[in-house]
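J.: According to the working numbering, the sequence shown is numbered sequentially starting from 203.
No residue lacks a Cβ here, since even glycine has one placed at the ideal position from N, Cα and C.
The structure's right below; bear with me while I get my questions together.
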Amino acid sequence: MNSPDSLLFPGSSDAGATVCSAKGCRSAAVWVLAWNNPKLHTPERRKTWLACEEHREHLSQFLGVRGFLKDVVALEEWEARSASDG
């Protein structure tokens with residue numbers, strides 16, 4: 203899945219392209235799902251998956267039933283937060 207420091211799809215012809223993290227999906231991502239696995243990560247650590255409109259609910263449920271989902275944020279908002287943080 204996508205990591206927070208690499209939201210770009212490797213090999214994409216569009217250097218700014220972000221794609222959904224759902225297996226086999228190449229749709230444009232519009233959501234960031236922030237999560238962590240408490241057995242592996244410190245509480246403040248956030249891993250990220252990207253989601254298109256079609257897969258947002260499915261990926262959110264997948265993470266949610268495991269207790270991993272921490273936040274779902276629009277990609278534009280996530281990028282704005284990241285830019286203002288440093």
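#1: At what residues does the alpha helix (DSSP H) containing Ala231 begin and finish?
#2: Would you kindly work out how many angstroms separate the C-alpha atoms of Lys241 and Ser229, rounded to a whole number?
#3: Are the CB atoms of Ala231 and Leu261 nearer to each other than 8 Å?
#4: If you follow the alpha helix (DSSP H) that Leu242 is part of, which residue opens it and which one closes it?
#5: Buried or exposed for Arg268, please, with buried defined as at least 16 other CB atoms from any protein chain shown within 10 angstroms of its CB.
#6: Tell me whether Glu259 sits in a helix, a strand or coil according to DSSP, three-state version.
T.: In this structure, then:
#1: Run containing Ala231: none; DSSP gives neither H nor E here.
#2: 31 Å
#3: no
#4: Taken as a continuous stretch (DSSP letters only), Leu242 belongs to no alpha helix (DSSP H), as it is neither H nor E.
#5: Label assigned to Arg268: exposed.
#6: Secondary structure of Glu259 (DSSP, three-state): helix.
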